[in-house]
Amino acid sequence: MTEKTLVLTDVVKRYPNGALAVDRVNVDVNAGELVVFVGPSGCGKSTLLRMVAGLETVTDGSIELAGRVVNDLEPAERDIAMVFQNYALYPHMSVRKNLSYGLKNRGLPADEINRRVEEAAEILEIGAFLDRKPSQLSGGQRQRVAMGRAIVRHPAIFLFDEPLSNLDARLRNRMRVEIRKLQRRLNTAMIYVTHDQVEAMTLADRIVVLNGGRVEQIGSPAEVYGDPASTFVASFIGAPPMNLIEVGIEAGRAMRDGVALPLPPSHDGALPAKAIWGLRPERARVGDDGNGIPFTIDVVEELGASRLLHGRIGGAEFTLQQDASAPPPSQATTLLIDPRDVHLFDAETGKAL
Amino acid sequence: MKRDRLRDHIVLILGAILMMGPIIVAFTTSTFDPVEIHREGMKLGWGGNFLETYKEVLFQKGGFSGEVTGALMTMNSLILGIGFAVGKIVVSMLAAYAIVYFRFPLGSFFFWVIFSTLLLPLEVRILPSYEVVQQLGLLNTYTGLILPLIASATGTFYFRQFFRSVPDELLEAARIDGAGPLRFFIDFLVPLSRTMIAAIFIIMFVVGWNQYLWPILITTDEHYFTLVRGIKQVLQTYIGANIPDYNEALAMAILAMLPPGLVVIVFQRMFIKGLVESEK
Ligand SMILES: Nc1ncnc2c1ncn2[C@@H]1O[C@H](COP(=O)(O)OP(=O)(O)O)[C@@H](O)[C@H]1O
Ligand SMILES: [Mg+2]
Numbered sequence: 001m002t003e004k005t006l007v008l009t010d011v012v013k014r015y016p017n018g019a020l021a022v023d024r025v026n027v028d029v030n031a032g033e034l035v036v037f038v039g040p041s042g043c044g045k046s047t048l049l050r051m052v053a054g055l056e057t058v059t060d061g062s063i064e065l066a067g068r069v070v071n072d073l074e075p076a077e078r079d080i081a082m083v084f085q086n087y088a089l090y091p092h093m094s095v096r097k098n099l100s101y102g103l104k105n106r107g108l109p110a111d112e113i114n115r116r117v118e119e120a121a122e123i124l125e126i127g128a129f130l131d132r133k134p135s136q137l138s139g140g141q142r143q144r145v146a147m148g149r150a151i152v153r154h155p156a157i158f159l160f161d162e163p164l165s166n167l168d169a170r171l172r173n174r175m176r177v178e179i180r181k182l183q184r185r186l187n188t189a190m191i192y193v194t195h196d197q198v199e200a201m202t203l204a205d206r207i208v209v210l211n212g213g214r215v216e217q218i219g220s221p222a223e224v225y226g227d228p229a230s231t232f233v234a235s236f237i238g239a240p241p242m243n244l245i246e247v248g249i250e251a252g253r254a255m256r257d258g259v260a261l262p263l264p265p266s267h268d269g270a271l272p273a274k275a276i277w278g279l280r281p282e283r284a285r286v287g288d289d290g291n292g293i294p295f296t297i298d299v300v301e302e303l304g305a306s307r308l309l310h311g312r313i314g315g316a317e318f319t320l321q322q323d324a325s326a327p328p329p330s331q332a333t334t335l336l337i338d339p340r341d342v343h344l345f346d347a348e349t350g351k352a353l
Numbered sequence: 001m002k003r004d005r006l007r008d009h010i011v012l013i014l015g016a017i018l019m020m021g022p023i024i025v026a027f028t029t030s031t032f033d034p035v036e037i038h039r040e041g042m043k044l045g046w047g048g049n050f051l052e053t054y055k056e057v058l059f060q061k062g063g064f065s066g067e068v069t070g071a072l073m074t075m076n077s078l079i080l081g082i083g084f085a086v087g088k089i090v091v092s093m094l095a096a097y098a099i100v101y102f103r104f105p106l107g108s109f110f111f112w113v114i115f116s117t118l119l120l121p122l123e124v125r126i127l128p129s130y131e132v133v134q135q136l137g138l139l140n141t142y143t144g145l146i147l148p149l150i151a152s153a154t155g156t157f158y159f160r161q162f163f164r165s166v167p168d169e170l171l172e173a174a175r176i177d178g179a180g181p182l183r184f185f186i187d188f189l190v191p192l193s194r195t196m197i198a199a200i201f202i203i204m205f206v207v208g209w210n211q212y213l214w215p216i217l218i219t220t221d222e223h224y225f226t227l228v229r230g231i232k233q234v235l236q237t238y239i240g241a242n243i244p245d246y247n248e249a250l251a252m253a254i255l256a257m258l259p260p261g262l263v264v265i266v267f268q269r270m271f272i273k274g275l276v277e278s279e280k
């Protein structure tokens with residue numbers, strides 16, 4: 001069994017105004033693991049993270065960090081370090097003071113503080129502007145300083161709340177890779193909050209998908225992508241999202257507007273009369289000899305490396321992603337689908353069948 | 001473009017002359033002999049009595065006790081101006097800090113109570129204030145002169161607005177860095193309010209310096225007299241057969257204007273910064 005850095009047990013957050021922001025969440029973070037909380041805006045990611053940080057009170061449940069329950073501890077006593085979306089650098093202090101302020105308050109000796117600041121400055125390559133004020137830095141540099149302030153604390157866990165959302169797209173991609181490298185190098189557990197599923201997929205050891213304050217699914221990026229636990233996860237993770245089609249199950253076949261769709265092989269048994277049939281856009285192929293499922297194309301999007309074909313199967317919308325090198329098909333064509341790629345979800349609850 | 005600049009400058013120069021005129025005339029007149037002033041009225045030009053007059057005003061002992069000099073009155077004015085301004089800043093910062101950062105019962109009610117005192121300037125409550133000061137035995141003390149004046153609804157309001165504009169994340173980051181309420185105030189709010197403090201200091205210093213009614217009530221002992229009062233004193237003391245010392249009264253008026261002027265000049269850059277931008 002791996003050592004657990006953080007254990008959240010039945011954590012609930014109800015704001016004073018009655019809003020239930022987090023509803024009985026159970027999540028573990030292993031030592032050295034990077035866990036991403038992902039979900040749409042307002043799903044409670046920040047609230048959950050801020051409870052771990054100690055910035056919000058815990059309504060119910062327990063938060064155990066490095067072996068002790070920290071529910072009632074002040075943020076400074078929790079051995080965490082946080083990076084805020086807007087960085088929250090101290091505007092009146094130099095970069096060096098920004099990094100050292102917390103250490104000074106902890107009563108660390110001056111030479112130890114210096115050592116840690118220099119170390120962080122070297123890792124993050126911010127040594128050249130240690131004596132500048134935050135207002136004299138670019139967005140990317142501020143981002144690094146914010147991370148530096150977290151690193152010098154040598155915390156048990158890093159808490160990052162959408163740290164890249166204030167950067168432009170190119171810088172965001174670069175910093176994403178850097179954060180991953182940094183986390184590997186320090187080998188410290190991290191919770192990273194984002195609404196961006198690409199960030200979640202590329203960064204995470206494990207993804208926690210949140211929806212409406214509840215955990216929808218926890219798993220590795222491959223699991224969450226390849227085996228989504230619900231239609232919510234299926235449509236939230238992956239771009240373009242999974243095709244989801246309401247079907248009726250008749251005599252072991254999925255029927256939509258008179259078109260038969262393949263069922264996954266493990267599911268010929270007891271199925272409800274109605275279900276939601278799902279397939280990733282890149283999992284279908286254009287049939288070459290007129291075999292397969294009829295597919296009418298409405299719009300073609302060229303993305304460079306790949307091509308999106310938006311169209312319909314029966315009356316249902318369907319998007320196919322194909323390699324740009326493949327010959328563009330005619331407007332009315334057919335699709336070949338491997339039954340093993342098909343997902344089925346309950347029509348009412350949206351849970352995977 | 002160029003013509004506009006020229007026109008702007010002409011307007012500015014005319015405005016400056018208009019504003020400065022009386023002060024300049026007062027200054028030049030103060031360098032003349034009182035007899036000449038009495039005979040010929042206000043004078044432009046250099047009277048040549050500058051050093052004598054100003055030395056006399058600053059160091060000549062006068063008053064009933066024969067111990068009061070201009071320098072002493074300047075001191076008293078400084079104590080009042082600085083005490084008034086610093087006191088107001090300290091009290092209003094603390095009040096605003098409590099209102100913005102601490103959730104206490106009826107917090108916003110108290111804010112509005114403080115705010116509504118704007119409707120009750122000193123003049124309205126001067127009798128009860130005097131009564132309180134008198135009963136506390138604070139007549140003829142600096143404390144009695146300053147303390148009753150330093151509660152400031154305006155200052156509290158400005159600091160409240162400023163504190164509310166400080167992002168919450170800053171407080172949260174500071175909390176994670178182990179800054180308690182006192183540390184946060186001293187290490188964050190005070191330095192962040194620098195320009196704001198400077199702006200309020202200027203305004204309040206000038207207001208305090210120019211206090212007239214309150215000092216007249218509270219201090220009867222000449223040793224606590226301020227410059228602003230002293231001007232009148234000069235003219236009064238010598239009334240009788242003698243010609244009033246117009247030159248000294250004018251010199252004292254000039255002296256009384258110098259410190260507030262200096263404060264404005266020294267702090268004006270921070271003052272403007274405090275008004276237009278907020279460093280966040
Ligand atoms: N201080 C608060 N008081 C009341 N409700 C809040 C507060 N903060 C957040 N909420 C609500 O809690 C829910 C979750 O918010 P949040 O955790 O910020 O979401 P996310 O970070 O996933 O976008 C939202 O519905 C939000 O409106
Ligand atoms: Mg958020």
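Protein chains in written order, with full-length UniProt numbering: chain Z, 1 to 353; chain Y, 1 to 280. Virtual Cβ for every residue (Gly too), placed ideally from N, Cα, C. If you're wondering where the values come from, they're calculated on a predicted model, not measured in any experiment.
{"Query": "Minimum length 4: unbroken alpha helix (DSSP H) runs contained in the stretch 111 to 184 of chain Z", "Result": "139 to 151"}
{"Query": "Proximal chain Z residues relative to Y:R67, where beta-carbon distance stays under 9 angstroms", "Result": "Note that residue 67 of chain Y corresponds to Glu in the displayed sequence, not to Arg. None at all; the shortest Cβ gap to chain Z is about 47 angstroms."}
{"Query": "Three-state secondary structure (DSSP) of Z:Y87", "Result": "coil"}
{"Query": "Residue interval of the alpha helix (DSSP H) (run including Z:M93)", "Result": "Unbroken run through Z:M93: none, as it is neither H nor E."}
{"Query": "Start and end residues, alpha helix (DSSP H) containing Z:D289", "Result": "That residue, Z:D289, is in no alpha helix (DSSP H); it is neither H nor E in DSSP."}
{"Query": "Contact set between the stretch 147 to 173 of chain Y and chain Z, restricted to residues whose Cβ is under 8 angstroms from the partner", "Result": "P167, E169, L170, E172 and A173"}
{"Query": "Classification of Y:T143 by the beta-carbon crowding that lies within 10 angstroms, buried from 16 upward", "Result": "exposed"}
{"Query": "Proximal residues of chain Z, C-beta to C-beta of residue 318 of chain Y below 8 angstroms", "Result": "Residue coverage of chain Y in this structure runs from 1 to 280, which leaves residue 318 of chain Y outside it and unanswerable."}
{"Query": "Any non-hydrogen atom of ligand 1 within 6 angstroms of Z:T57 CB", "Result": "no"}
{"Query": "Under 7 angstroms between C-beta atoms of residue 370 of chain Z and Z:H343", "Result": "Since the first residue of chain Z shown is 1 and the last is 353, residue 370 of chain Z is not available in this structure."}
{"Query": "Near-chain Z residues of the stretch 187 to 200 of chain Y (beta-carbon distance less than 9 angstroms), N- to C-terminal order", "Result": "D187, F188, P191, L192 and R194"}
{"Query": "Per-residue burial, Z:R340 [other beta carbons within 10 Å of its own, 16 or more giving buried]", "Result": "exposed"}
{"Query": "C-beta atoms of Z:E35 and Z:I151 nearer than 7 angstroms", "Result": "The amino acid at residue 35 of chain Z is misidentified as Glu; the sequence shows Val. Contact: no."}
{"Query": "Z:L309: first and last residue of the uninterrupted beta strand (DSSP E) it sits in", "Result": "S306 to I313"}
{"Query": "Assumed close pair Y:T46, Y:T74 - CB separation to whole angstroms, cut-off 8 angstroms", "Result": "In the sequence under discussion, the amino acid at residue 46 of chain Y is Trp, which differs from the Thr named in the question. With 8 angstroms as the limit, Y:W46 and Y:T74 do not qualify as a contact, their Cβ atoms being about 24 angstroms apart."}
{"Query": "Z:P281 burial status per 10 Å Cβ neighbour count (16 or more: buried)", "Result": "buried"}
{"Query": "Listed by chain order, chain Z residues near Y:R269 by CB distance under 7 angstroms", "Result": "Neighbours of Y:R269 on chain Z: none; closest Cβ ~17 angstroms, over 7 angstroms."}
{"Query": "Beta carbon of Z:S94 nearer than 7 angstroms to that of Z:V117", "Result": "no"}
{"Query": "Close beta carbons around Z:R307, own chain, < 8 angstroms, minus the five adjacent residues each side", "Result": "V300, E301, Q321, Q322, D323, A324, A326 and P328"}
{"Query": "Endpoints, beta strand (DSSP E) assigned at Y:S35", "Result": "Going by the sequence as given, residue 35 of chain Y is Val instead of Ser. Careful: Y:V35 lies outside any beta strand (DSSP E), inside the alpha helix (DSSP H) at P34 to E40."}
{"Query": "Element boundaries [alpha helix (DSSP H), containing Y:N76]", "Result": "G70 to Y101"}
{"Query": "Cβ neighbours of Z:A81 in the same chain (closer than 6 angstroms, five flanking residues each side left out)", "Result": "A150, R153, P155 and F158"}
{"Query": "Beta-carbon proximity list for Y:G155, same chain, < 7 angstroms, skipping 5 on both sides", "Result": "K88, I89, S92 and I200"}
{"Query": "Check: Z:A88 C-beta below 6 angstroms from any heavy atom of ligand 1", "Result": "no"}
{"Query": "Minimum C-alpha distance to Z:A19 - residue among Z:A270, Z:G54 and Z:G44", "Result": "Z:G44"}
{"Query": "CB contact below 7 angstroms: Y:G83 versus chain Z", "Result": "no"}
{"Query": "Y:P148 beta carbon less than 7 angstroms from that of Y:V133", "Result": "yes"}
{"Query": "Beta-carbon gap between Z:P13 and Z:V7 smaller than 7 angstroms", "Result": "Before going further, note that residue 13 of chain Z is Lys rather than Pro in the sequence given. For Z:K13 and Z:V7, no; Cβs fall outside 7 angstroms."}
{"Query": "Any chain Z beta carbon closer than 7 angstroms to Y:D4", "Result": "no"}
{"Query": "Buried or exposed by the 16-neighbour rule on C-beta atoms within 10 Å, applied to Y:I17", "Result": "exposed"}
{"Query": "Residues near Y:G230 in its chain [Cβ-Cβ closer than 6 angstroms; skip 5 each side]", "Result": "M73 and M252"}
{"Query": "Ligand 1 heavy atom lying under 6 angstroms from the CB of Z:N17", "Result": "yes"}
{"Query": "Buried or exposed (CB count within 10 angstroms, at least 16 for buried), Y:D245", "Result": "buried"}
{"Query": "Any chain Y beta carbon closer than 7 angstroms to Z:M82", "Result": "yes"}
{"Query": "Beta-carbon neighbours of Y:G15, restricted to chain Z and to distances below 8 angstroms", "Result": "Near Y:G15 there are no residues of chain Z at all, since even the closest Cβ is about 35 angstroms away, more than 8 angstroms."}
{"Query": "Chain Z within 7 angstroms of Y:S278, Cβ atoms only", "Result": "With a pLDDT of only 49 at Y:S278, under the threshold of 50, the placement of this residue in the model should not be trusted; the figure read from the coordinates follows. Chain Z contact via Cβ: absent."}
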